[in-house]
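Trainee: Numbering (the working numbering), first residue to last: 5 to 468.
Glycine included, C-beta positions come from ideal geometry on N, C-alpha and C.
1. When the Cβ atoms of the stretch 323-333 are set against those of the stretch 363-371, are three or more pairs found closer than 8 Å?
2. Tell me whether residue 163 is buried or exposed, calling it buried when 16 or more other Cβ atoms sit within 10 Å of its Cβ.
3. The alpha helix (DSSP H) spanning residue 164 covers which residue range?
4. List the residues that DSSP assigns as beta-bridge partners of residue 358.
5. Please classify residue 113 as buried or exposed, where buried requires at least 16 neighbouring CB atoms within 10 angstroms.
6. Can you list the beta strand (DSSP E) stretches of 3 or more residues lying completely in the stretch 137-214, in chain order?
7. Would you decide whether residue 175 is buried or exposed? Buried here means 16 or more other CB atoms lie within 10 Å of its CB.
8. Out of 180, 431, 193 and 181, state which residue places its alpha-carbon closest to the alpha-carbon of residue 170.
9. In terms of residue numbering, what span does the alpha helix (DSSP H) encompassing residue 420 cover?
10. Can you tell which of 160, 262 and 168 has its C-alpha closest to the C-alpha of residue 144?
11. Return the residue from the list 77, 156, 149 and 159 that minimises the CA-CA distance to residue 138.
12. Who are residue 470's beta bridge partners in DSSP?
13. According to DSSP, simplified to helix, strand and coil, what is residue 5?
14. Quick one: grab the DSSP three-state call for residue 370.
15. Pull up the DSSP beta-bridge partners for residue 268, would you.
16. If I follow the unbroken beta strand (DSSP E) through residue 87, where does it start and stop?
17. Are residue 293 and residue 321 close, meaning C-beta to C-beta below 7 Å?
18. For a quick check, are the C-beta atoms of residue 261 and residue 233 less than 7 Å apart?
19. Along the chain, where does the alpha helix (DSSP H) containing residue 100 start, and where does it finish?
20. Give every residue of the same chain whose Cβ lies closer than 8 Å to the Cβ of residue 204, excluding the five residues on either side of it in the sequence, and list them in chain order.
21. What are the partner residues of residue 73, as DSSP defines its beta bridges?
22. Three-state secondary structure (DSSP) at residue 441?
23. Exposed or buried, residue 444, counting other C-beta atoms within 10 Å across all chains shown (16 or more means buried)?
24. So, at 6 Å on beta carbons, what are the nonlocal neighbours of residue 378 in its own chain, with the 5 sequence-adjacent residues on each side left out?
25. In the DSSP output, what is residue 320 paired with across the bridge?
26. Contact check, residue 217 vs residue 245 under 8 Å by CB: the rounded distance?
27. Determine whether the beta carbon atoms of residue 417 and residue 429 lie at a separation below 7 Å.
28. Given that a residue counts as buried once 16 or more other Cβ atoms are within 10 Å of its Cβ, and exposed if not, what is residue 40?
29. Does DSSP put residue 48 in a helix, a strand or coil?
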């Protein structure tokens, strides 16, 4: 007998066993209610959900009522193939509601088709709409019906073109709005957009172009969270736009950018947490200092504040701003302050610390420094901020590398924080590898005099 026949027999047997398993699994699936099957299909990419139509007759049209549709033009190499695929899916789909509709593609010269696809989702009472449109070769407008869609709860638009707005805007149920790379039109239209959001809770504006605006008001009575990112490439006017933000329910605010626009947070007594990641380039230091100051004054109700990148240091670049700092409001609720890489003898830092009388926790998240002669530190933190004398009970220092400058920094903190319960020193990843110096550095830290008799020093090697 030919030996090859013997080797093929186990392979054939194994294949038959695998086919039996597949057959049993399909039968198990077929016994499930259609509602569960549709839910399973909704978890698949749309193109894969449609492929299940060949499994058996029951599955042939099951995909036509799946609630989630996902179209990604980058997944299909041929443009015509993608266009036909979307058209066919929307044509054959039944009239049931769409829960989530995702569309990401180049527009090119197919603006009318793309707009019609979005209209189809709106007609099917879409709840979550994620639109990413790129490479425009003709004017594009979103369908007017989108801006009065009563079922929409979440809208994300990413498109580098002018956001053309209709005369009527009312998102009665929209709770989350994310706009990325859009160019806002004139004041009147943009004002109507931001005033037509009665139940909005989360707003994110990322790398948008405000060049057509001088002043705009963002006011939503139920707005809880707002995140704004400025992109220098989208700023053509050096004076920028004055953005007035008002939200009686606002709890969280985050800004990241170079302050090309002037932001004011007004009438927001519920604000609990704010984060500012500010940076600067070129000759705009004084302008950024002014814009940073104006934003900071709107945070007086927060309990938690993060000032990152150059957010503190930039305040020192305008003499008139430094002179204004003593007139900032008192932050009576602030208990937690996180600073990135910061200069402890910064004039701006000293002045704003005077405004945080109830600060309990102070975090240096990206290292520490004393830019001037750190050995002459008698005047650093002088006058001592009130919180160092009565409230500050926890300090955390990250990125510690054990050099003399950083040791001097920790020495100042231990000396001036007289009610401190704990200071946590966490090594940088690089220093954590230097096993020989760990013990020496730890002993240096333990020998430092402490203004608080009950202060615990925790030395974290950051080995995890």
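Mentor: Taking the coordinates as given:
1. Touching, no, given that fewer than three Cβ pairs across the two stretches are closer than 8 Å.
2. As a first step, residue 163 must be located in the chain shown, where it is residue number 159. Residue 163 is classed as buried because its beta carbon has at least 16 other beta carbons within 10 Å across all chains shown.
3. Counted from its first residue, the chain shown places residue 164 at position 160. Careful: residue 164 lies outside any alpha helix (DSSP H) and carries neither H nor E.
4. Along the chain shown, one-based indexing puts residue 358 at 354. Secondary-structure assignment with DSSP links residue 358 through no beta bridge to anything.
5. The residue labelled residue 113 in the question sits at position 109 within the chain shown. Looking at its Cβ environment, which holds fewer than 16 other Cβ atoms inside 10 Å, residue 113 is exposed.
6. Fully enclosed beta strand (DSSP E) runs of 3 or longer: 158-163, 180-184 and 206-210.
7. One-based indexing of the chain shown puts residue 175 at position 171. Residue 175 should be labelled buried.
8. Taking the chain shown and counting its residues from 1, one reaches residue 170 at position 166. Looking at the Cα atoms, 193 is the closest of the given residues.
9. Residue mapping note: residue 420 aligns to position 416 of the chain shown, counting from 1. Run containing residue 420: 408-420, per the alpha helix (DSSP H) assignment.
10. Indexing the chain shown from 1 puts residue 144 at position 140. Residue 168 holds the alpha-carbon nearest to the alpha-carbon of residue 144 among 160, 262 and 168.
11. Start at 1 with the first residue of the chain shown, and residue 138 comes out as number 134. Comparing Cα-Cα distances from residue 138 to each of 77, 156, 149 and 159, the minimum goes to 77.
12. It is not possible to answer for residue 470, since the shown part of the chain is limited to 5 through 468.
13. Residue numbering aside, residue 5 sits at position 1 when the chain shown is read from its first letter. Only weak support exists for where residue 5 lies, its pLDDT of 49 falling under 50; the value from the coordinates is given anyway. When DSSP states are grouped into helix, strand and coil, residue 5 belongs to the coil group.
14. Counting from one through the chain shown, the residue named residue 370 turns up at place 366. It is coil, neither helix nor strand.
15. Your numbering for residue 268 matches position 264 in the chain shown. Per DSSP, 248.
16. One-based indexing of the chain shown puts residue 87 at position 83. Segment 83-96 is the alpha helix (DSSP H) holding residue 87; no beta strand (DSSP E) there.
17. As a working mapping, residue 293 is identified with position 289 in the chain shown. As a working mapping, residue 321 is identified with position 317 in the chain shown. Yes; because the gap between Cβ atoms is below 7 Å, this pair is in contact.
18. Residue mapping note: residue 261 aligns to position 257 of the chain shown, counting from 1. Residue mapping note: residue 233 aligns to position 229 of the chain shown, counting from 1. Pairing residue 261 with residue 233 gives a Cβ-Cβ distance under 7 Å.
19. Stepping through the chain shown from its first residue, residue 100 is reached at position 96. Counting along the chain, residue 100 sits inside no alpha helix (DSSP H), nor does DSSP assign it H or E at all.
20. Residue mapping note: residue 204 aligns to position 200 of the chain shown, counting from 1. Around residue 204, the same chain offers 175, 178, 179, 180, 181, 224, 226 and 227 as residues with beta carbons nearer than 8 Å, after the five sequence neighbours per side are excluded.
21. On the chain shown, residue 73 is found 69 positions in, with the first residue counted as 1. Paired residue(s): 105.
22. The residue given as residue 441 occupies position 437 in the chain shown. Residue state, collapsed to three classes: helix.
23. Your numbering for residue 444 matches position 440 in the chain shown. So residue 444 counts as exposed.
24. Counting from one through the chain shown, the residue named residue 378 turns up at place 374. Caution is warranted here: a pLDDT of 47 is assigned to residue 378, below 50, making its placement in the model unreliable, and no coordinate value can be reported.
25. Reading the chain shown from its first residue, position 316 is the one you call residue 320. Per DSSP, none; premise fails for residue 320.
26. Here residue 217 refers to the residue found at position 213 when the chain shown is read from its first residue. Here residue 245 refers to the residue found at position 241 when the chain shown is read from its first residue. Right, the Cβ-Cβ distance comes to about 4 Å (below 8 Å), so this counts as a contact.
27. Translated into positions along the chain shown, residue 417 becomes position 413. Translated into positions along the chain shown, residue 429 becomes position 425. For residue 417 and residue 429, no; Cβs fall outside 7 Å.
28. Counted from its first residue, the chain shown places residue 40 at position 36. The residue in question, residue 40, is exposed, as its Cβ has fewer than 16 Cβ neighbours within 10 Å.
29. The residue labelled residue 48 in the question sits at position 44 within the chain shown. In the three-state DSSP reduction, residue 48 falls in the coil class, being neither helix nor strand.
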